[in-house]
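Chains as they are written, first to last, in our numbering: chain A, 274 to 537; chain B, 133 to 561.
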């Protein structure tokens, strides 16, 4: 019997996932995931087909879903020790946008943990939150109720809330879902700035086309890690086929078919 | 039919606390309870736990009867509030635990679990109550009032306890509003930043349970949930800020408690709970109709204004494209595609004239210079939106707003320039 080869884990990695398995109701959705993020700040994409466990991977790193086995370390530390330096952007659909708060209120929530249980939000906090809204280009919509914002604006409010957390490592779940090209570029610019400030950002991403131009690292995921590393090294047709299997072929065939009808 | 005047006089005296110490005390008690339920009810509704409160209320009945039996054993002469509420709290809590246990089971949904616990516990309570009433009938007088609520049976000590607990609950709700609000809005994010979401949920549900239980003597265990749901539901119509909603909901709860208790003590043999809930219901209906922006009237008004605006835009666009004056009787033809009646057209043109977009002369209707530039803007907007929908079909629909004054108010200038480039016919620069 072959012994399973385990990668070496670095205690300097901002995110180091060791043999993580996650199961819902008996059925495993993530199987034996190993990954070390590079020490330098990077933009890291997680890509894979629907149901591959991309969101679950993020949530399991944040202890939002229980792990069946494995552990996660952040520069060698457990999550509890570094909570305040980890930021999170959940999927936009995960909250009720009818909720009675303004864009600024939502961004202030990024600072609630610092405020603790009882301290009220003060002018200082509001100013900091407004600065974050300004960075994503929404300062003039600060007082809008969140329902009155477009999908792309809601996405940017979530990004501003993450900025307000002032974290070193960020997990973002589909921050580009349902936004137009201009907003996508605006969000990407902010992510790049954050990287230059020394933050590592892990993004669940659904658009394969923009992976090479937007990200440094990629994790190809389909229940297990198919391949992970610098985009230039691992983002190739062979690995994509291993990740998406027949589905990617189908997409390619569809694109081919459309191209043919256009030629006729 | 009694003479209405004495009734109103009585009611006024009770309402303004001039009708004796006891009734004033009762009113203050139910009003403070209203403030507390308005505050914690807001969180319960936002966390979508309102029906859980209903299950809790109904599940208290077996405990109330059990507490009564126990108190008889210890020599009580009739129903006393504290042992009854203690028993109610115990069985209410048990009901919630059963709901949570059932929800964990994959085959039982939350609504089914709540319905199941609510009806089984309440049914058991009714059976228990009937048995007790049949066996020790003389001492059970007043036990019924725990089902529908009878504030007037409360003693001074009862009211003081209720007021103290209500104050405590309000203070807790205000103190913990940040973590509560955050967990209600985005529990996952709250958990990711390290808030103990389970414990915060437990605390919120605990406060709801406390209000439920102390509310039972006044409102009754069947209707106590209404006291928790109706004020926040009405308050949400008035504001979109959590802090304002908390205040408005507390105020509506207080008014319902105050006026409801006053009404029920003025009218003979009326249980307090239903009257309080009716008052709250009336306040809700008034809010639903008259609230600014989200009320029915405001929405109807907005809708009409929007439709009128759309009709005006369409008319200006047609007139702009037509170029040159149009005789009054040819307008129907020009606007044929819209299917407007002659009367609608007439009113529309009068409105446009009053805004000086069009002028009428012997030659017919024509656009004024402002009308022309407005028509041009509308035409350009529509062309740009159409192009945008084509170029960005996947995301455009959520951004397009046909009625906006200028496309630039929604889209960035670069994007508009790009769209204009796409619209330009080939070969023209």
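C-beta atoms are modelled at their ideal positions from N, C-alpha and C, and glycine is treated no differently. As the structure is a computational prediction, the values presented were derived from the model and not from experiment.
Spanning the alpha carbons of residue 142 of chain B and residue 412 of chain B requires a straight line of approximately 21 Å.
Taken in chain order, no unbroken stretch of alpha helix (DSSP H) lies wholly in the stretch 277 to 330 of chain A with a span of 4 residues or more.
Counting only Cβ-Cβ distances below 9 Å, residue 373 of chain B has contacts in chain A at 373, 374, 375, 378, 418, in chain order. Residue 286 of chain B sits in coil when the DSSP states are folded into three classes, being neither helix nor strand. In summary, residue 300 of chain B is exposed, with fewer than 16 beta-carbon neighbours lying within 10 Å of its beta-carbon over all protein chains present.
The stretch 382 to 453 of chain A is shown to contain whole alpha helix (DSSP H) runs of 4 or more residues at 385 to 388, 396 to 408, 424 to 437, in chain order. A Cβ of chain B is located within less than 8 Å of the beta carbon of residue 368 of chain A.
Contact of residue 238 of chain B with chain A by beta-carbon distance below 9 Å involves 298. For residue 391 of chain A, the C-beta contacts it makes with chain B under 7 Å involve 307, in order along the chain. In the three-state DSSP reduction, residue 524 of chain B falls in the coil class, being neither helix nor strand.
Chain A places a beta carbon closer than 8 Å to that of residue 318 of chain B, counting this residue as a contact. Contact between the stretch 142 to 162 of chain B and the stretch 391 to 398 of chain B is present: three or more C-beta pairs spanning the two stretches fall below 8 Å.
Separation of residue 176 of chain B and residue 337 of chain B (C-alpha to C-alpha, rounded to the nearest whole angstrom) is 7 Å.
Counting only unbroken stretches of 4 or more residues, the alpha helix (DSSP H) elements lying wholly within the stretch 192 to 261 of chain B are 213 to 236, in sequence order. What residue 314 of chain B touches in chain A, judged by beta-carbon distance under 7 Å, is 382, 385, going in chain order. Around the beta carbon of residue 436 of chain B, fewer than 16 other beta carbons sit within 10 angstroms, so the residue counts as exposed. When 9 Å is used as the limit between beta carbons, residue 335 of chain A is near these residues of chain B: 320, 323, 324, in chain order. DSSP places residue 497 of chain B in the uninterrupted beta strand (DSSP E) bounded by 496 to 499. In the structure shown, residue 143 of chain B adopts helical secondary structure according to DSSP, grouped into three states.
Taking 8 Å as the Cβ-Cβ cut-off, the stretch 451 to 482 of chain A approaches chain B at 451, 452, 453, 454, 455, given in chain order. For residue 453 of chain B, the enclosing alpha helix (DSSP H) covers residues 428 to 454. For residue 395 of chain A, not one C-beta of chain B is nearer than 8 Å to its own C-beta.
Nearest neighbour of residue 318 of chain B by Cα position, chosen from A:477, A:434, A:460, turns out to be A:434.
According to the DSSP assignment, residue 404 of chain B belongs to the alpha helix (DSSP H) that extends over 404 to 422. The C-alpha of residue 438 of chain A is placed about 46 Å away from the C-alpha of residue 291 of chain B.
In the DSSP annotation of this structure, residue 494 of chain A is not part of any alpha helix (DSSP H); the continuous beta strand (DSSP E) holding it starts and ends at 490 to 495.
Distance from the CA of residue 501 of chain A to the CA of residue 235 of chain B, rounded to the nearest whole angstrom, comes to 38 Å.
Annotation: residue 429 of chain A has no Cβ neighbours in chain B at a cutoff of 9 Å; minimum Cβ distance is about 13 Å.
In the structure shown, residue 325 of chain B falls within a coil segment according to DSSP collapsed to helix, strand and coil.
Looking only at A:315, A:306, A:363, the smallest Cα-Cα distance to residue 342 of chain A is reached by A:306. Residue 507 of chain B carries a helical assignment under DSSP once its states are collapsed to helix, strand and coil. Not flagged as an interface residue toward chain B: residue 443 of chain A, since no C-beta distance is shorter than 8 Å. For residue 423 of chain A, at least one C-beta of chain B is nearer than 8 Å to its own C-beta. At a C-beta separation below 9 Å, residue 439 of chain B has no neighbours in chain A, since its nearest C-beta there lies roughly 20 Å away.
In the structure shown, residue 162 of chain B adopts helical secondary structure according to DSSP, grouped into three states. With contacts defined by Cβ atoms closer than 8 Å, residue 351 of chain B and residue 408 of chain B form a contacting pair.
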